[in-house]
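Numbering (this note's numbering), first residue to last: 237 to 631.
A virtual CB, placed ideally from N, CA and C, is assigned to each residue, including glycine.
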């Protein structure tokens, strides 16, 4: 298997407080069956996984055939989840034991404890329940089995917020993942509303070509925290400011109007209380990925970042996207991309969402190749977006 076939993306796994505890790495399923050793080696060597996963545990749903082909961990903390229901347990005892000595941890997928010998099940530190395949009631009952209760439990593909509420009360020490992280919950707080009002005013100024840095600065200065963060931004490597910026107007002149809208949007979303800590980073990562792909495919096209960022608005506010966008005087191309996936920006958003969810078959690789974007290049754009998002979140 060639290096450029090694596509991957990651998803957050949280605890009962919605704090990110691990990352699941997704990969094209056929990658595991062509040459598992090449896949793992490329992933571990070519990518700084410790940096991209913020030194958290890495969860990987894999194949039992990988046990004899695992690369050195080099400080990574990796747990591989395997479906062992049809395996010859005695055949793999030695391979599992040796890999554990090398630092790997293992998890069983949707286990029936009575199907396993005690010596075999003791080799597994984790258990994964996939709610696409087992019911919530089964998870709650099975997790109480003496052979399971003391293990680390990960419940995957939780779709509903109410299911998460039930699970975290019954299994407070478990790990959780799924689309429930993005479900809408009611937002409260005057600061959130104030930032939205400032963003709307800035967008109106952006649409008015007669605007000035002074008018934009007046918008920013309505909130002291926003003013501080915008001025602080001018001192980052992104803008290479060599001046001692002390007021919002000078900061606006350095940053530029379009970037200003982007940063106010970021501040607005980061101010929303009561959200999982991973949600903001997910939104920024998507925004950066949309920007990177848009810049590679359509260098003169603007709006990629905002399309990615604002696609997450329903996850932050208690309203659907169409209602939220009515309040924002956005460019028509951005609105159509968000609501209908129309235009070049809509195509970029659709591609990014497919990549993030590991739906590799939905990505038009042949069309990308005509633009000189290989699988390797697409993977690198994704990695760059994660790095960019991490830097932006620290401002």
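Check	Outcome
Pull up the distance between the alpha-carbon of residue 449 and that of residue 527, whole angstroms please.	25 angstroms
Between the Cα of residue 584 and the Cα atoms of 557, 620, 547 and 415, which residue gives the shortest distance?	547
Name the one or two DSSP bridge partners that residue 245 has.	262
In whole angstroms, give me the CA-to-CA distance for residue 604 and residue 610.	7 angstroms
Give the DSSP-derived three-state secondary structure of residue 296 in the structure shown.	strand
Nearest-angstrom Cα distance between residue 534 and residue 512?	33 angstroms
Measure the C-alpha to C-alpha separation of residue 384 and residue 305 and round it to an integer number of angstroms.	28 angstroms
Nearest by alpha-carbon distance to residue 608: which of 529, 453 and 559 is it?	529
Got a sec, what are the start and stop residues for the alpha helix (DSSP H) residue 342 sits in?	Careful: residue 342 lies outside any alpha helix (DSSP H), inside the beta strand (DSSP E) at 341 to 345.
Pair every Cβ in the region 292 to 307 with every Cβ in the region 248 to 264, then say whether three or more of these pairs are closer than 8 angstroms.	yes
Which two residues bound the contiguous beta strand (DSSP E) that contains residue 364?	362 to 366
Run through DSSP, which three-state label would residue 423 get?	Confidence at residue 423 is low in this model, with a pLDDT of 48, below 50, so its placement is unreliable and the value that follows should be read with caution. In this structure, residue 423 counts as coil in the three-state DSSP scheme.
Quick one: give me the first and last residue of the beta strand (DSSP E) that residue 390 is part of.	388 to 392
Verify the CB distance criterion: does residue 465 have a CB-CB separation below 7 angstroms to chain B?	The chain labelled as chain B is not found in the depicted structure, where only one protein chain is given.
Please report the residue range of the beta strand (DSSP E) in which residue 546 lies.	Segment 540 to 546 is the alpha helix (DSSP H) holding residue 546; no beta strand (DSSP E) there.
Between the alpha carbons of residue 582 and residue 588, how many angstroms are there, rounded?	10 angstroms
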